[in-house]
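In terms of the numbering used here, the sequence shown has 159 at position 159, counting the first letter as 1, and numbering is strictly consecutive. A short worksheet on the structure shown next.
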Amino acid sequence: MFFKEFEIRWSDTDANRHLANSAYINFMSHTRMAYLGLIGFNQKSMSKHNIGPVVFYEHVYYFKEAFPGMPVKVSLEFVGMSKDGMFFEFRHNFYDHNGKNFARCEMMGAWIDLKKRKLTGLPDEFLQVFESMEKSEDFKVLTKEDTRRYVQVPKDIEIP
């Protein structure tokens, strides 16, 4: 399992003086991109293939508060991917300096072709890397139906 360490800064807090929701999202994103960079998915390689990651959802579950100055460890688990690599799912856990789990996030995303602005499968070289990644015990092969697990439909308003 991959871990990234952070220290909670003043700018990571909200009006309640604990770790802000946006900081959780930023720490998770940084953890994912740090891991992807280690396995060869960086700005240069993604640019070469004209792809980028998009997030469908991030569901965060908060168990306990975290405060400034506190060291934080964020994990990354690979819990799902479609056969063509288009869809992916990760789980993050947040741990304090004693190893206590104070938050969890389940996130799902996909890869987008940045020219066509459409979802796309992974190029073979990336697909092979993802297929060789350590997988969680509950890893599953994702289908398009899995991406509809939490179906939400936009409802527009009329602007006068």
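The C-beta atom is built at its ideal place from N, Cα and C for all residues, glycine as well.
How is residue 96 classed by DSSP in three states: helix, strand or coil? coil
Any idea what DSSP makes of residue 120, helix, strand or coil? coil
At least 3 beta-carbon pairs within less than 8 Å: the stretch 119 to 128 vs the stretch 81 to 93: These segments touch.
Which of the three DSSP states is assigned to residue 37 in this structure? helix
Pick from 73, 70, 72, 111: whose alpha carbon is nearest that of residue 89? 111
How many angstroms separate the CA atom of residue 135 from the CA atom of residue 127? 14 Å
Have a look at residue 148 and residue 18 and give me their C-alpha separation to the nearest angstrom. 33 Å
Less than 8 Å between CB atoms is the rule here; does residue 21 satisfy it with respect to chain D? The question asks about chain D, but that chain is absent: this structure has only one protein chain.
What did DSSP end up calling residue 76 once you bin it into helix, strand or coil? Here residue 76 sits in strand by DSSP.
Quick check on this structure: which residue in 53, 36, 59, 129 has the alpha carbon closest to the alpha carbon of residue 25? Comparing Cα positions, the closest option is 59.
Starting from residue 111, follow its DSSP beta bridges and name the residues at the other end. 53
Residue 81 - partner residues in DSSP beta bridges: 88, 141
Simplified DSSP state of residue 32, which is helix, strand or coil: helix
Under the three-state DSSP convention, the category residue 101 falls into: strand
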